[in-house]
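Per the numbering used here, the sequence shown starts with residue 11, numbered consecutively.
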Amino acid sequence: MVGVAFKKNITPVYFETRWGLHTFFVRKPIDVVICDDNFIVRKIMRNLKPWKVLFWDPRYKKVLELPLNYKKYSKVKIGDRIQF
C-alpha cells in the first residue's frame, strides 16, 4: 500500500492494515487516524513527520492518512465515531 507516499498534493487516503505504517517518501507531515471495525477512533498521530514509523494495537486496522490539519478531521478525538 502506497498511501500518500510520493504524492505532491496530499489528499485523504483510507486503507486497512494491522502492521503499522511508515512515512518514507512522504514529502510533508501528515495526520493519521486509526479506527476499530466500528470506525471508533482508537489512536491519533498528528504532525507525523516524513521518514517515521508508526505502530499501534493490531486489533485496529482501519487507517486514515490525512493532510496536516485537514479541516474535516481537525477536531476528532479518541472515542469519536467517524464517517467518510
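Where is the CB? At the ideal position from N, CA and C, for every residue including glycine.
Keep in mind that this is a model prediction, so the values were computed, not measured.
So, helix, strand or coil for residue i, using DSSP?
i: Y83; result: helix
i: D46; result: coil
i: R52; result: strand
Roughly how far, in whole angstroms, is the beta-carbon of residue i from the beta-carbon of residue j, given that I think they are within contact range, below 8 Å?
i: L74; j: V43; result: 4 Å
i: F49; j: K72; result: 6 Å
Can residue i and residue j be called in contact, C-beta distance under 8 Å?
i: I20; j: I54; result: no
i: F31; j: L64; result: First, the residue type needs correcting, since residue 31 is Leu and not Phe in the sequence shown. In this structure, L64 lies closer than 8 Å to L31 by Cβ.
i: R52; j: D67; result: yes
Between the stretch 56–67 and the stretch 20–40, do three or more beta carbon pairs fall short of 8 Å?
yes
Quick check: the stretch 24–35 against the stretch 45–53, are there 3 or more CB pairs under 8 Å?
no
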